[in-house]
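A.B. asks: Here it is: the structure, laid out below.
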Amino acid sequence: MDRAQENTLKIREYVEEHPAIDKVFYPGWYSEREADIHARQSSGDGAVIAFNVSADVDLSAFRQNLRLINDVVSLGSVKTLLSHPATMTHEDITDEERARTGITERMLRLSGGIEAADDIMIDLGTALGKAVNNESDNGSR
Numbered sequence: 001m002d003r004a005q006e007n008t009l010k011i012r013e014y015v016e017e018h019p020a021i022d023k024v025f026y027p028g029w030y031s032e033r034e035a036d037i038h039a040r041q042s043s044g045d046g047a048v049i050a051f052n053v054s055a056d057v058d059l060s061a062f063r064q065n066l067r068l069i070n071d072v073v074s075l076g077s078v079k080t081l082l083s084h085p086a087t088m089t090h091e092d093i094t095d096e097e098r099a100r101t102g103i104t105e106r107m108l109r110l111s112g113g114i115e116a117a118d119d120i121m122i123d124l125g126t127a128l129g130k131a132v133n134n135e136s137d138n139g140s141r
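Numbering-wise (this note's numbering), the sequence shown opens with residue 1 and increments by one.
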């Protein structure tokens, strides 16, 4: 878990600075009060983040162009995994309920694995770059 948390921190810092990412969600980042609660109740930040991609990202192209990151429903593995809550885990929830809870069509969840963080960041950057330029690579994953 330590390696996954370390990787997720690096990935979080990377996506926060990426121009195709609008917002990143991560434990302890909401308010000072919530950060204090988080620090008292946990020994680390965990290995799951969520982020909203900007409107100029073709979500389908982005997901198709990932090579190392698996696009799946589950978020528990030693591999880095990505999910799209609006069409996976929260598909059966009404649009109103998703809006109330902040689950948007542009939101993705990423569970950091134990691979080399640099490789994962390259995979994200390459897929985002192709998705902004609307390039789809239908090669095998």
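Note that beta-carbon positions come from the ideal geometry of N, C-alpha and C, so glycine has one too. Given the structure is predicted, the values throughout are model-derived calculations rather than measurements.
Which of the three DSSP states is assigned to ARG67 in this structure?
C.D. replies: The residue labelled residue 67 in the question sits at position 67 within the sequence shown. Coil.
A.B. asks: For VAL78, is the classification buried or exposed, using 16 other Cβ atoms within 10 angstroms of its Cβ as the cut-off for buried?
C.D. replies: To locate residue 78, count along the sequence shown from 1; it is residue 78. With fewer than 16 other Cβ atoms within 10 Å, it is exposed.
A.B. asks: Indicate whether the contact test is met: 3 or more Cβ pairs, each with one atom in the stretch 113-131 and one in the stretch 28-46, closer than 8 Å.
C.D. replies: Output reads no: the stretch 28-46 does not touch the stretch 113-131.
A.B. asks: How many Å lie between GLY139 and GLN5 at the Cα?
C.D. replies: The residue you call residue 139 lines up with position 139 of the sequence shown. The residue you call residue 5 lines up with position 5 of the sequence shown. With a pLDDT of only 46 at GLY139, under 50, the local geometry of the prediction cannot be trusted, and the value read off the model is given with reservation. Rounded to the nearest angstrom, the two C-alpha atoms are 30 Å apart.
A.B. asks: Could you give the DSSP three-state label for ASN52: helix, strand or coil?
C.D. replies: For this step, residue 52 is matched to residue 52 along the sequence shown. Strand.
A.B. asks: LEU81 to PHE25, Cα distance in whole Å?
C.D. replies: Here residue 81 refers to the residue found at position 81 when the sequence shown is read from its first residue. Here residue 25 refers to the residue found at position 25 when the sequence shown is read from its first residue. Cα to Cα, LEU81 sits roughly 16 Å from PHE25.
A.B. asks: Enumerate in chain order the residues of its own chain whose CB-to-CB distance from ILE37 is below 6 Å, with the five nearest sequence positions on each side excluded.
C.D. replies: Looking up residue 37 in the sequence shown gives position 37. Around ILE37: no qualifying Cβ.
A.B. asks: Tell me whether SER60 sits in a helix, a strand or coil according to DSSP, three-state version.
C.D. replies: For the purposes of this step, residue 60 is taken as the residue at position 60 of the sequence shown. DSSP places SER60 in helix when its eight states are reduced to three.
A.B. asks: Could you give the first and the last residue of the continuous beta strand (DSSP E) run that contains MET158?
C.D. replies: No answer is possible for residue 158: it lies beyond the span of the chain, which begins at 1 and ends at 141.
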